[in-house]
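Following: one structure in structure tokens, then a few remarks.
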Amino acid sequence: MIKNVSRRSFIKGAAGAAAVGAASSRFFAPTMISAQGSGVELIYWHAFNSGANGEAQTKLIEDFNALGNGVTVVPTGYANYEEVANAILTGLDSGDVPHIATLSDVWWFSFYLRQALVELSPFAENPDDYIASLFGDYTRNGGQWGVPFARSTPIFYYNVEAFDAAGVDPAVVGKWSDFAGASASLVDASDVTYSFGFGNAASYGAWTMHGAVWAFDGRYSDEDFNILINKEGSVAAGEFMRDMVQTKKAGTVDNPTNEFIAGTLAAMIGSTGSLGTITKDGTVEFKTAKLPEEIKFGCPTGGTGLSIIAGATDEQQQAAATFMNFCTNTENASFWSQYTGYMPVRTSAIESEDYQAFLAEHPNNQVAIEQLPLTQPQDSARVFIPNGDANIGKAWEQILVNNTPAQQAFDEVAALLEEDKAPVIEALSAIEG
Amino acid sequence: MAVNNNPTEWNPQPIGKEFVRPKGSFGGILGKEWVLFLLLVLPNFIFLATFTYWPLIRNFVLSTQKVNPYTKAQSYAGLDNFRWLFNDRVFKQVVSNTAIFIVCCVFFTLGLGLLVALLLNEKLKGRTAVRAMVFAPYLIAGSAVALVWSYIFNPRFGLFAMILGWFDISSPRWLEDPNWALAAVIITYVWKNMGFAAVVFLAGLQGIPKDLYEAAKLDGASAWWRFRSVTLPMLSPISFFLVVTSVLSTFQAFDLIDVMTSGGPVNSTTTLVYYVYEQGWMAQRWERAAAAAVVLFILMLTVTGMQMLWERRQVHYDGN
Chain A
488 MIKNVSRRSF
498 IKGAAGAAAV
508 GAASSRFFAP
518 TMISAQGSGV
528 ELIYWHAFNS
538 GANGEAQTKL
548 IEDFNALGNG
558 VTVVPTGYAN
568 YEEVANAILT
578 GLDSGDVPHI
588 ATLSDVWWFS
598 FYLRQALVEL
608 SPFAENPDDY
618 IASLFGDYTR
628 NGGQWGVPFA
638 RSTPIFYYNV
648 EAFDAAGVDP
658 AVVGKWSDFA
668 GASASLVDAS
678 DVTYSFGFGN
688 AASYGAWTMH
698 GAVWAFDGRY
708 SDEDFNILIN
718 KEGSVAAGEF
728 MRDMVQTKKA
738 GTVDNPTNEF
748 IAGTLAAMIG
758 STGSLGTITK
768 DGTVEFKTAK
778 LPEEIKFGCP
788 TGGTGLSIIA
798 GATDEQQQAA
808 ATFMNFCTNT
818 ENASFWSQYT
828 GYMPVRTSAI
838 ESEDYQAFLA
848 EHPNNQVAIE
858 QLPLTQPQDS
868 ARVFIPNGDA
878 NIGKAWEQIL
888 VNNTPAQQAF
898 DEVAALLEED
908 KAPVIEALSA
918 IEG
Chain B
1136 MAVNNNPTEW
1146 NPQPIGKEFV
1156 RPKGSFGGIL
1166 GKEWVLFLLL
1176 VLPNFIFLAT
1186 FTYWPLIRNF
1196 VLSTQKVNPY
1206 TKAQSYAGLD
1216 NFRWLFNDRV
1226 FKQVVSNTAI
1236 FIVCCVFFTL
1246 GLGLLVALLL
1256 NEKLKGRTAV
1266 RAMVFAPYLI
1276 AGSAVALVWS
1286 YIFNPRFGLF
1296 AMILGWFDIS
1306 SPRWLEDPNW
1316 ALAAVIITYV
1326 WKNMGFAAVV
1336 FLAGLQGIPK
1346 DLYEAAKLDG
1356 ASAWWRFRSV
1366 TLPMLSPISF
1376 FLVVTSVLST
1386 FQAFDLIDVM
1396 TSGGPVNSTT
1406 TLVYYVYEQG
1416 WMAQRWERAA
1426 AAAVVLFILM
1436 LTVTGMQMLW
1446 ERRQVHYDGN
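Following this line, the structure appears as structure tokens:
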């Protein structure tokens, strides 16, 4: 085509196309929903396309398809939770959406507000067997809008060799101020670069620091969307972490999990969902611990659940429910947790002989189970206000990377959150009254 | 001027003379000509109107609305979204990032591309293999390039850190430091796209008539003067093409930024296109995303217009 047009028209065309491409805010996903014969092809979009999580997800799908129950799962794997949500958002208007998908802690609510989810009460098998706090995360207005699947909590990882080299008692990780006191020596006495690795906004920095904010008696917000991030406790947490970077040899890194695996960090806070990958790929000896406390203990839940997307036929909804119940039944909840490090989402899975034997051999996973009853749902500002996670994460970046005073950084993001919560509250009152 | 009235006979018109429509030819009747014109243009026009102009108009309209993404409630907001953008501290940084990114990427991509093309234009051993190697990065998916370069830039176990370590120099914290992150993305962009510029420049170099160089030599022109007075002017159409396409593609660069930095740290690598994505898909403020896209559109149009003006004065076609 380029050969056959003049330079001027080519350039004009290119300029137009480029500008329109940038200006147009929609891209269309291919149509993928179809039914074959008497069987049902179930379209499933998930966020696990690599590493240990990807392998476990593939196995679950293959096992399900091997059942020969007339339902064939056709999966599409995305790189992360955001990509799954973006793809569904894009497809909502055109109808190019999956029947079932993984929707993370920060995304399911957005689809609930759009009334794009199927109410799952008629479908969920043995609902009382799900871990109550994890199941309750998706309960809203008397309905159930998701079931827990790959649910996680943040957990404290530490490099045993660095602690041994510095002669630091691992018990210091129980309290932030104790850990801060020992931090510099961890770097001085070992090969690590940082005593503690903070993640950036893109690596869910707002989530990994959520527990710390609670530990300093702060909050991002309350459940009624009152923004509290720039109040005393949260600012104290921000200042404490700023001091960790400035004087305690902590640092911000692009990807804390990769850095920890490579042995450049003495400690980090990461998802239990990274346990499988760190165990498999890591070359350093490590242990896990509950999150440090300060004034009190605080640890949020996280990860993703399974939701059925509205618009599917009754047959497709039934098929999706069958797959959903398969992925989260006792046996598979146990398998998934063992393989990936995510929390087992059913009580029966934790109590199963198989899982108990696994815990006896894997004390790092045991810590996550012990911490689970102490977890609480996240503050609404991070999970229910759109982009709240990224905006709070960027405020943390300001503090940790740019050495901005916590009060200033949190004041700025508080103003943004106040503004962005308005459409959420408007939609919520339209749905829930 | 004599005109052949026989429609079956080929009757070329002298170049430079006014064209006179042959009477009784296929296009003789105005209506018929229009029908043919419409038949040829309509399919493309419908396609463009549906997928290009209509979304463009909708985007302009959306930029003047206040939208609730959940209830879809929409109301007229005038220029509020633009006011919001221009009062947003991050947006100012984004515009500045975009300008730096475009200028540096285009300058270095074209500069290095020309340098490589000049080298490849010489009769060197293994020239074909080198040409393929230079062009290969252009064909690799942006996300794969970004992933590899993220590791290369790692200040603790990356390739650059290792090389700098040999000279006892500590590596910059490329992707972790707001002062270095944009530079890291620019380096990656230039590495990926330089090969395309080199190949296009090379084609241009090979099209320059040798007698021009011989004439210049006879006039006693040095190598530098031959480059300045023959090569550069003769390459000006190619350079113009590359500048325009590079500027436009750099404006739209997304994959490298998304994979390498996600616009961070502290918004230091957020460009306008990435900002549109963030406001739309992540923050779900479609109206703000639309307003930012309008700003992007106007900027691209302005830059392209300026390039057109530059073309009239500086670009030499056909050796004239």
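Protein chains in written order, with the working numbering: chain A, 488 to 920; chain B, 1136 to 1455.
We put the CB at the ideal spot given by N, CA and C, even for glycine.
Here serine 608(A) has Gly630, Gln631 as same chain residues with Cβ atoms under 7 Å from its own Cβ, once five neighbours each way along the sequence are excluded. Assignment of beta-bridge partners to threonine 1396(B) by DSSP yields no partner. For isoleucine 714(A), there is no enclosing beta strand (DSSP E), as DSSP marks it with neither H nor E. Within chain B, no C-beta atom comes nearer than 8 Å to that of glutamate 648(A); the closest sits roughly 16 Å away. Listed by position along chain B, the residues whose Cβ is nearer than 8 Å to that of leucine 673(A) form an empty set, because the closest Cβ is around 16 Å away. Note that the C-beta distance between arginine 706(A) and leucine 887(A) is not below 9 Å. Within chain A, the C-beta atoms nearer than 7 Å to that of alanine 1418(B) come from Pro873, Asn874, Asp907, in chain order. Nearest CB-CB separation between valine 700(A) and chain B: not below the 9 Å threshold. Note that the C-beta distance between valine 1230(B) and valine 1430(B) is below 9 Å.
Residue pairing from DSSP leaves tryptophan 1416(B) without any beta-bridge partner. Taking each of Glu719(A), Gln853(A), Phe810(A) in turn and checking the Cα distance to proline 831(A), the smallest one comes out for Gln853(A).
Residue contact check for glycine 1246(B) against chain A: no CB pair falls below 9 Å.
Cβ atoms of glycine 538(A) and serine 639(A) stay farther apart than 8 Å, at about 14 Å. Within the same chain, and ignoring the five residues on either side of arginine 1423(B) in sequence, the residues whose Cβ sits closer than 6 Å to its Cβ are Asn1216, Gln1414. For the pair of segments examined, the segment 611-627 of chain A was found not to touch the segment 1202-1221 of chain B: the number of CB pairs separated by less than 8 Å stays below three. Annotation for methionine 696(A): no beta strand (DSSP E) segment contains it, and DSSP assigns it neither H nor E. Restricted to the segment 1278-1334 of chain B, the alpha helix (DSSP H) segments that are unbroken, complete and at least 4 residues in length are 1294-1301, listed in chain order.
With respect to the C-alpha of serine 1374(B), the residue from Gly1339(B), Phe1389(B), Ala1350(B) having the closest C-alpha is Gly1339(B).
Every unbroken stretch of the beta strand (DSSP E) spanning 3 or more residues and falling wholly within the segment 580-644 of chain A is given here in chain order: 587-591, 634-639. Chain-ordered, the chain B residues with CB closer than 8 Å to the CB of valine 740(A) read Glu1311.
Not a single C-beta of chain B is nearer than 9 Å to the C-beta of glutamine 894(A).
What glutamate 884(A) touches in chain B, judged by beta-carbon distance under 8 Å, is Gly1399, Pro1400, Val1401, going in chain order.
Excluding sequence positions up to five before and after threonine 1405(B), its CB lies within less than 8 Å of the CB of Val1225, Gln1228, Val1229, Asn1232, Ile1392, Gly1398, Gly1399, Glu1413, all in the same chain and listed in chain order. Taking each of Asn742(A), Phe551(A), Thr589(A), Thr577(A) in turn and checking the Cα distance to tryptophan 532(A), the smallest one comes out for Thr589(A). The continuous stretches of beta strand (DSSP E) do not include lysine 736(A), and DSSP gives it neither H nor E. Rounded to the nearest whole angstrom, the CA to CA distance from tryptophan 701(A) to aspartate 866(A) is 10 Å. Valine 1202(B) carries a strand assignment under DSSP once its states are collapsed to helix, strand and coil. The alpha-carbon of asparagine 628(A) is positioned some 15 Å away from that of alanine 603(A). Around the Cβ of alanine 1333(B), a 10 Å sphere holds 16 or more other Cβ atoms; the residue is buried. Chain-ordered listing is empty here: chain A has no CB closer than 9 Å to the CB of asparagine 1216(B), the nearest sitting near 13 Å. Any Cβ of chain B closer than 9 Å to the Cβ of asparagine 573(A) would place that residue at the interface, and such an atom is present.
Contact check between the segment 717-725 of chain A and the segment 906-917 of chain A: fewer than three CB pairs, one atom from each, fall below 8 Å, which does not count as touching. Per the Cβ contact rule, the segment 1271-1284 of chain B is not in contact with the segment 1235-1253 of chain B (fewer than 3 Cβ pairs under 8 Å). Excluding its 5 nearest sequence neighbours in each direction, serine 672(A) has C-beta neighbours in its own chain below 7 Å: Ala653, Val655, listed in chain order.
A direct Cα-Cα distance of roughly 34 Å separates proline 910(A) from glutamate 802(A).
Contact with chain B is found for valine 911(A), since one of that chain's Cβ atoms lies less than 9 Å from the residue's Cβ.
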